[in-house]
Each structure stands twice: as C-alpha cells, then as structure tokens.
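Single-structure report; data block below.
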Amino acid sequence: GATHGLMAGHVAPEAAKKGPIAALKSGDIIVFDVPARTLNVELPQREIKARLSKWKPPVPRYTSGVMAKYARHVSSASEGAVMS
17 GATHGLMAGH VAPEAAKKGP IAALKSGDII VFDVPARTLN VELPQREIKA RLSKWKPPVP
77 RYTSGVMAKY ARHVSSASEG AVMS
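Convert by adding 16 to the 1-based position in the sequence shown; the result is the number in the working numbering.
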C-alpha cells in the first residue's frame with residue numbers, strides 16, 4: 017500500500033453498533049499508545065455519552081436485492097465476513 021507510519025486499518029463494527037467509535041467526529045484527537053496497545057480519544061466521558069445518546073443507526077444503503085441480503089446476513093470482516 018501507500019501508507020507510511022502509524023495507522024489504524026480496521027476498527028469495525030464498533031461504530032455501526034453504537035460502540036465508542038461512533039461518538040467520534042472529524043477533528044477529534046485520537047491517541048495511539050503502541051506499547052500499551054491502546055487507542056483513546058481526548059474527550060471527556062460526559063461528551064462521549066452525550067454524543068452516543070444522540071446517535072442513530074445508519075440508514076441501510078440497500079433495502080432489497082442481493083446487496084440488501086448481503087448486508088443483513090454477512091458478518092463483519094473481523095469475524096471472517098461469512099454468511100449466516
């Protein structure tokens with residue numbers, strides 16, 4: 017690939033399932049601590065809770081056809097992207 021330096025390549029499905037990553041907005045400061053193997057955001061816990069309380073699940077891009085079936089029945093890439 018064309019990536020140089022530290023990067024996060026896969027952080028799913030937490031955002032789509034109202035995990036803490038769903039609270040992030042453009043411009044938030046994210047701190048990688050490689051030795052500790054942690055990823056943190058510089059936000060007060062109350063701000064994260066406030067943002068998550070307003071969170072709504074994303075509207076499905078496809079509601080019929082093969083792509084809708086795929087979205088409903090295939091697991092996350094972190095779980096092998098297999099069909100249930």
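Where is the CB? At the ideal position from N, CA and C, for every residue including glycine.
Computed from a predicted model, the values in this text were never measured in an experiment.
Buried versus exposed, by CB contacts within 10 Å (16 or more), A39: Buried is the call here.
Supposed contact pair P74 and A87 - C-beta distance, whole angstroms, cut 8 Å: At roughly 11 Å, the Cβ-Cβ gap does not stay under 8 Å, so A87 and P74 are not in contact.
Opening and closing residue of the alpha helix (DSSP H) in which V82 lies: Where V82 is concerned, the enclosing alpha helix (DSSP H) stretches over G81 to H89.
Between the CA atoms of L55 and G96 - distance to the nearest angstrom: 23 Å
V47 to K70 span [Cα, whole Å]: 24 Å
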